[in-house]
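For reference, the structure is listed below as structure tokens.
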Amino acid sequence: MIAHKNFDLTDYNAYRVKSICKNAFFPENEEDLIELYTKKQDYVLIGSGHNIICSKAYYNADFIIFNGNFNKLKVDEIASVIEAEAGATIYEVSNLAQKYALSGAEFFYDIPSSVGGAVVMNAGTKEGETKNILSKVRYLDLADMQVKEKNSEDLELSYRNSLFQKQKDKVILKAWFQLQQGNAEHIKSVMEASKARRWEKQPREYPNCGSVYKRPPGRFVGPMLDELGLKGFRIGGAEVSKKHSGFIVNIGDATGKDILELIKYTKEKVKINFDIDLEVEQRII
Ligand SMILES: Cc1cc2nc3c(=O)[nH]c(=O)nc-3n(C[C@H](O)[C@H](O)[C@H](O)COP(=O)(O)OP(=O)(O)OC[C@H]3O[C@@H](n4cnc5c(N)ncnc54)[C@H](O)[C@@H]3O)c2cc1C
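In my numbering, the protein residues as written are 29 to 313.
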């Protein structure tokens with residue numbers, strides 16, 4: 029297992045906020061993870077860092093990171109199932125599915141995420157959500173240090189939510205995705221079309237963590253912020269994206285504090301003008 033002292037998290041959070049942690053551990057397997065948690069439990073756990081806001085410039089804390097490690101994938105062609113370790117990316121899952129002409133994971137292709145993060149967030153697009161294809165999850169329960177498995181129906185998966193957001197003492201180790209036989213060429217074309225549609229609308233040219241807020245019932249966040257004249261509004265290096273107001277982008281040296289102040293300001297304006305309490309989708313660490 030690789031471990032680093034005074035680890036720079038800049039490349040491990042998609043906002044590219046400059047942040048250092050005391051120690052960072054990159055477990056390779058379940059045994060590594062159990063060894064870490066047997067010593068102590070107060071780690072900060074992150075996946076590929078595409079949905080986190082680093083609120084501190086220095087964390088006097090130890091991080092466990094699933095990004096480029098603990099990432100084996102297995103395909104069962106007969107059952108149309110992909111088994112993925114928590115640190116694999118869902119981009120890799122969708123590519124593997126396409127290679128074996130398995131359909132269902134096309135929407136995974138353009139969501140930047142680890143497998144663990146996708147389960148925690150029930151990541152999804154208009155074309156589908158993790159819940160639709162997830163059949164089972166294996167996790168380490170820190171309450172009794174036992175490795176357990178649960179079927180997807182028992183994971184309280186709903187719009188960008190899951191049991192794992194409420195019960196933070198569970199670390200996802202592995203997930204199984206149930207897919208179905210399809211046509212490899214068609215699957216590829218669906219993946220690429222979805223990517224093209226998304227890149228047209230999203231500010232991929234600047235560091236960001238996707239949609240900042242959950243969609244309130246019956247409304248879209250971007251148009252509400254446009255109506256309030258907030259498109260392009262900046263605090264420090266954080267900006268309400270000029271391309272899509274539902275995103276905040278780091279236009280240069282944004283700090284976690286800049287991002288959080290911009291969120292606070294935006295939420296207040298929306299509350300005053302629309303009487304809506306915007307819920308932040310991103311995890312503040
Ligand atoms: C350009 C862009 C586009 C995006 N588009 C979408 C989209 O269309 N749909 C969508 O749903 N999201 C989207 N997102 C947000 C992001 O991709 C998802 O939320 C993603 O699932 C986060 O996964 P992650 O591995 O990066 O998790 P992280 O950001 O690293 O962590 C998120 C949370 O999951 C927890 N966690 C991570 N791994 C584990 C684990 N193994 N066990 C227990 N807890 C864990 C962390 O503690 C944290 O609380 C987008 C982001 C970007 C940058």
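Yeah, the Cβ is synthetic: ideal placement off N, Cα and C, and Gly gets one too.
Between D138 and ligand 1, is the CB less than 8 Å from at least one heavy atom?
Indexing the sequence shown from 1 puts residue 138 at position 110. It does: the Cβ of D138 is within 8 Å (strictly closer) of some heavy atom of ligand 1.
Sequence-distant residues of its chain with Cβ nearer than 7 Å to A282 (five each side left out)
Counted from its first residue, the sequence shown places residue 282 at position 254. Taken in chain order, the residues that qualify are Y43, V45, G264, G265, A266.
Counting only beta-carbon separations shorter than 9 Å, does K159 have a partner in chain B?
The displayed structure is made up of one protein chain only, and chain B is not part of it.
So S273 packs on D254, CB below 8 Å; how close in whole Å?
For this step, residue 273 is matched to residue 245 along the sequence shown. For this step, residue 254 is matched to residue 226 along the sequence shown. Contact holds; Cβ gap of about 5 Å.
Helix, strand or coil: which one does DSSP assign to D90?
In the sequence shown, residue 90 corresponds to position 62, counting from 1. D90 falls in the strand class under three-state DSSP.
Express the C-alpha separation of L256 and F98 in angstroms, rounding to a whole number.
For this step, residue 98 is matched to residue 70 along the sequence shown. For this step, residue 256 is matched to residue 228 along the sequence shown. Taking the straight line from one Cα to the other gives about 44 Å.
Span of the beta strand (DSSP E) around K69
Counting from 1 along the sequence shown, the entry for residue 69 is found at position 41. According to the sequence provided, residue 69 is Gln. The question's Lys does not apply to it. Where Q69 is concerned, there is no enclosing beta strand (DSSP E), given that its DSSP letter is neither H nor E.
Considering only C-alpha positions, which residue in the set Q208, L101, E56, V277 is nearest to F94?
For the purposes of this step, residue 94 is taken as the residue at position 66 of the sequence shown. Measuring from the Cα of F94, the nearest candidate turns out to be E56.
Other residues of its chain near E120: CB distance less than 7 Å, five sequence neighbours each side excluded:
In the sequence shown, the residue the question calls residue 120 occupies position 92. Only L101 meet the Cβ criterion.
Along the chain, where does the beta strand (DSSP E) that runs through A112 open and close?
Mapped onto the sequence shown, residue 112 falls at position 84. For A112, the uninterrupted beta strand (DSSP E) run begins and ends at 109-113, by DSSP.
Quick check for students: name the residue ranges of the alpha helix (DSSP H) that lie wholly in the segment 158-202, counting only runs of 4 or more.
158-161, 191-194
Say yes only if the C-beta of Y167 is nearer than 8 Å to one or more non-hydrogen atoms of ligand 1, and no if none qualify.
Along the sequence shown, one-based indexing puts residue 167 at 139. It does: the Cβ of Y167 is within 8 Å (strictly closer) of some heavy atom of ligand 1.
Contact set for M252: own chain, Cβ-Cβ below 7 Å, skip 5 residues either direction
Walking along the sequence shown from the start, residue 252 turns up at place 224. Around M252: V298, F302.
If you run the structure through DSSP and keep just helix, strand and coil, what is I291?
Here the question's residue 291 lines up with position 263 in the sequence shown. Correct three-state label for I291: helix.
Rounded to a whole number of angstroms, what is the C-alpha to C-alpha distance between F91 and L61?
Working through the sequence shown from its first residue, we reach residue 91 at position 63. Working through the sequence shown from its first residue, we reach residue 61 at position 33. Spanning the two alpha carbons is a distance of roughly 12 Å.
Would you say S180 and K202 are within 9 Å of each other, going by their C-beta atoms?
To locate residue 180, count along the sequence shown from 1; it is residue 152. To locate residue 202, count along the sequence shown from 1; it is residue 174. Cβ distance not < 9 Å, so S180 and K202 don't count as in contact.
How is F35 classed by DSSP in three states: helix, strand or coil?
Residue 35 sits at position 7 when you count from the first residue of the sequence shown. Note: F35 maps to strand in three-state DSSP.
Cα-Cα separation between I81 and G96, rounded to whole angstroms:
Counting from one through the sequence shown, the residue named residue 81 turns up at place 53. Counting from one through the sequence shown, the residue named residue 96 turns up at place 68. Each residue's Cα considered, the two are about 20 Å apart.
Local conformation of E267 per DSSP, three classes
Your numbering for residue 267 matches position 239 in the sequence shown. In the structure shown, E267 sits in a strand (DSSP, three-state: E or B).
Alpha helix (DSSP H) segment containing I118, residue limits:
For the purposes of this step, residue 118 is identified with residue 90 of the sequence shown, where counting begins at 1. Looking at the DSSP string, the run of the alpha helix (DSSP H) that includes I118 is 118-127.
In the DSSP assignment, the beta strand (DSSP E) including G238 goes from what residue to what residue?
The residue you call residue 238 lines up with position 210 of the sequence shown. Taken as a continuous stretch (DSSP letters only), the beta strand (DSSP E) holding G238 covers 236-239.
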